[in-house]
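Quick note: the sequence shown uses the numbering used here, first residue 1293, plus one each step. A virtual CB, placed ideally from N, CA and C, is assigned to each residue, including glycine. Single-structure report; data block below.
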Amino acid sequence: MARSAWCETCSHLWPDEELGPERTCRTCGASLAPRRPAWHFRLLVAGSAVYLLWRLGQGLDWLARYAGRHA
Ligand SMILES: [Zn+2]
């Protein structure tokens, strides 16, 4: 499995092949951690998805109550 490194400054995920032996960000030159676990990134995506679904549920609930009042 290919590894990758996350640059917090640029919000960019670099594959190992592009980092080279120095393991520095190509954009800002920051030294990136040797092994940023991939679950960190996936957790962020999953968390955002759950949050958005939760917000969507709240919005629909509000809409249903609003429609009920103004029917
Ligand atoms: Zn960077």
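Item	Value
Using only CA atoms, which one of F1333, V1342 and G1349 lies nearest to S1296?	F1333
Given that a residue counts as buried once 16 or more other Cβ atoms are within 10 Å of its Cβ, and exposed if not, what is C1299?	buried
Quick check: the Cα distance between L1305 and R1315, rounded to an integer number of angstroms?	12 Å
Assuming H1332 is part of the alpha helix (DSSP H), what are its boundary residues?	A1330 to R1361
Considering only heavy atoms of ligand 1, does any lie closer than 7 Å to the CB of A1322?	yes
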